[in-house]
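Protein sequence lines correspond, in order, to chains F and D.
In terms of this note's numbering, the first sequence is residues 719 to 958.
In terms of this note's numbering, the second sequence is residues 719 to 958.
There are 2 protein chains.
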Amino acid sequence: MIKTPAIVLVKPQMGENIGMCARAMLNCGLTDLRIVAPRDGWPSAPAEAAASGAFDKGVVARLYDTTADAIADCTYVLATTANTRDMVKDVFTARESAVRLRAETGQAAVLFGPERTGLGNEDIALAGGLVTIPLNPGFTSLNLAQAVLLVSYEWFTAVDTTAPAQFRTGGAELADAAVISGLVSRLEEEMDRGGFFRSEELRPTLMRNLLSFFARSRMTHQEAQTFHGIVSALIGLRRK
Amino acid sequence: MIKTPAIVLVKPQMGENIGMCARAMLNCGLTDLRIVAPRDGWPSAPAEAAASGAFDKGVVARLYDTTADAIADCTYVLATTANTRDMVKDVFTARESAVRLRAETGQAAVLFGPERTGLGNEDIALAGGLVTIPLNPGFTSLNLAQAVLLVSYEWFTAVDTTAPAQFRTGGAELADAAVISGLVSRLEEEMDRGGFFRSEELRPTLMRNLLSFFARSRMTHQEAQTFHGIVSALIGLRRK
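Have a look at this one:
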C-alpha cells in the first residue's frame, strides 16, 4: 500500500489552526500530521475542538522538535511557499505537486510554515521542490488550514474517480421522444383551439422551437404528466 | 468582459464565516458576494474582521431577502450540495463546474447553504445544476468558507481552455431567473383558477418541481414569451 503524504506544520502558532488543518486533511483522505515545535504546545484543547473529530476519525498527530526530525523517514519533501525564492529547486503548482506526490513510492511530505511568516530558508533548504498555490496576485491571503486544504484536495482529486458530469434523475424515468412529441402535439391542438396562431406562417417555426425546448429539457415521465394536467386545468377540463 | 460568477450565501449564520468566504473568494479573483437573509445581520463587524481586508480590496457584498432576489439577473445557477438529491439536474464535480462557469456568457452564480444544514430543496430547485466537491467519503466536513474556497479555486485555476462543450443559443438571449419565476408564478395562478390542485398538500412539491424543470431548461426570452402566449391561448378556451 502506498503511504499517503505527511503534512508537516513547522512552528504553527495557534492550536485552533492545527485542528483546522487536521480537519482539512481528513476531508481529503490524509492522516499523517507532523507538528514541529508548536508555539502554544501539544496536545492542545483548541486544536481538538477545531478538528471536528478528525483526530478521532483517522488523523494521527506526532510532535517533533525540528523539521529535520519530522522528515527523517521521508524520501521526497516539498515546501509550500507564497513567494519564489532564490533557491535552485523544482517549482510546482499545487496541482502538479499532486502528481509528483502520487508518483513517490517512499514516504512523501509537504512542509507548511508558521501562520505569519511562512517557511524560513533553513526549512526550504530541506525540500526537494517547492509548491506554490496559484492565486489572485492582487490578494494572496490564505490561512494555514486553507493552504493545507488546497494541497490535500489536489492530492485527493489527482485520482478522483468521480464519474464525470452526469445528468441525475434521482430514480425518475425520463420521458421518451414519443411522450414528448405527444405532449407537444396536444399543446398544438389546444393552442389552435385557443386561437394562438393568428398567422399560419408562424406555426412551423414556433412548433419546431417548442419541440426543441421540450426535447432538450430531459423531461421525466412525471413531469410530462404534470404538463398534461396543467393543460387540462388551463383549458378548463377540470373545472366542475 | 466576462462577468465573474457570483457567490451566493443563503442564510449564513455567523458573520465570521461570511468574512472568511469573502477572503477565500478574493484569493481566487472573485468579487461578487450576495448574502441572503444572514442570521446575524449585515453589515457585520465579525465579517469585516475575518475578511483580512477582502472587502476593502475588491469584494462587493450585497444583501437580499430571498434567494430568488439574489439570482434574479443570473442566466446560470449552480447549487452546492454534499448529498445527491432526488432532483432532476446535471451534477458536476467542483472542477467540472469551473469549466461550465467559465463557458457562461451571462451572469453565473453558485449557491451555498447555511453552515449546519446546507441548501434546502426550495433553493436547489432554482438551480440549473448541482456541484459536489469530491471528498473522503469517510469524513466530509468542510466548513462554509472552505467549500467556497474550493469552488473558487477551481474557477481560478480553470483558465486553460480549450473551449468546453457549450450551450449554444444561436444569438438568442437567455431568460434570467426573474423571467422564469414570473412565468411559473403565472402558471400557478392559472392552474389554481383551473382547479388543478385538488389537494393543497401536493402544491409545494409540485410547484417546486415545476420551477426546477424550467430552471434547468435554459429557456430563452423568446421561449418565455411563447409560453405566456400559450397560457393566454389556453385559458381563453376556458372562458368560452
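Each residue gets a CB set at the ideal place from its N, CA and C atoms; glycine is no exception.
Proximity of residue 739 of chain F to chain D, defined by a Cβ-Cβ separation below 8 angstroms, is not satisfied. Inter-residue distance for residue 733 of chain F and residue 899 of chain D is about 48 angstroms (C-alpha atoms, whole angstroms). Three or more beta-carbon pairs separated by less than 8 angstroms link the region 827–841 of chain D to the region 793–812 of chain D, which places the two stretches in contact. Between residue 753 of chain D and residue 936 of chain F, the alpha-carbon positions lie close to 32 angstroms from each other.
Residue range 794–798 is occupied by the beta strand (DSSP E) that includes residue 796 of chain D. Scanning chain D for C-beta atoms nearer than 8 angstroms to the C-beta of residue 927 of chain F yields 940, 941 and 944, reported in chain order. By the CB criterion at 8 angstroms, residue 925 of chain F and residue 906 of chain F fall inside the cutoff.
Within chain D, not a single residue places a beta-carbon under 8 angstroms from that of residue 834 of chain F; the smallest gap is close to 12 angstroms.
DSSP, reduced to helix, strand and coil, places residue 777 of chain F outside both helices and strands of the structure shown, so it counts as coil. Segment contact: the region 852–872 of chain F against the region 735–745 of chain F, three or more CB-CB distances shorter than 8 angstroms; contact assigned. Residue D:850 holds the alpha-carbon nearest to the alpha-carbon of residue 807 of chain D among D:735, D:850, D:788 and D:891. DSSP places residue 847 of chain F within a strand segment (E or B) once states are collapsed to three. Taking 8 angstroms as the upper bound on Cβ-Cβ separation, chain F lies near residues 770, 771, 772, 775 and 776 of the region 761–787 of chain D. When Cβ-Cβ separations below 8 angstroms define contact, residue 790 of chain F makes no contact with chain D. Beta bridge pairing from DSSP links residue 750 of chain D with D:778. By the C-beta density criterion, residue 783 of chain F is exposed, having fewer than 16 other C-beta atoms within 10 angstroms. Counting along the chain, residue 724 of chain F sits inside the beta strand (DSSP E) bounded by residues 724–728. With a threshold of 16 other beta carbon atoms within 10 Å, residue 885 of chain F falls short and is exposed.
Contact of residue 908 of chain F with chain D by beta-carbon distance below 9 angstroms involves 948, 951, 952 and 955.
Under the 8 angstroms criterion on CB atoms, residue 810 of chain F is classed as non-interfacial with respect to chain D. Each residue's CA atom was taken as its position, placing residue 815 of chain D and residue 721 of chain D some 16 angstroms apart. Neighbours of residue 901 of chain D in chain F, taken as residues whose beta carbon is under 8 angstroms from its own, are absent, since the nearest beta carbon is some 12 angstroms off.
For residue 922 of chain F, the nearest beta carbon of chain D is not closer than 8 angstroms to its own beta carbon. Neighbours of residue 745 of chain F across chain D, judged by C-beta separation under 7 angstroms: 853, 854, 857, 858, 859 and 860.
With respect to chain D, the C-beta atom of residue 875 of chain F has a partner C-beta closer than 8 angstroms. The C-beta separation of residue 895 of chain F from residue 738 of chain F comes to about 52 angstroms, leaving the pair out of contact by the 8 angstroms criterion. Of the candidates F:812, F:827, F:723 and F:853, F:827 places its Cα closest to the Cα of residue 841 of chain F. Among the bridge pairs identified by DSSP, residue 828 of chain F is matched with F:725 and F:796. Against chain F, a Cβ distance below 8 angstroms from residue 759 of chain D picks out nothing, because the smallest value is about 24 angstroms. With its beta carbon less than 8 angstroms from one in chain D, residue 871 of chain F belongs to the interface. Secondary structure remark: continuous alpha helix (DSSP H) runs of at least 4 residues inside the region 861–929 of chain F, in chain order: 862–875 and 895–911. Closest in alpha carbon position to residue 893 of chain D, among D:780, D:723 and D:790, is D:790. Listed by position along chain F, the residues whose Cβ is nearer than 8 angstroms to that of residue 935 of chain D are 931, 934 and 935. Between residue 931 of chain D and residue 835 of chain F, the alpha-carbon positions lie close to 51 angstroms from each other. With fewer than 16 other CB atoms across the displayed protein chains lying within 10 angstroms of its CB, residue 943 of chain D is exposed.
Counting every other CB atom within 10 Å of its CB across the protein chains shown gives residue 801 of chain F a total below 16, marking it as exposed.
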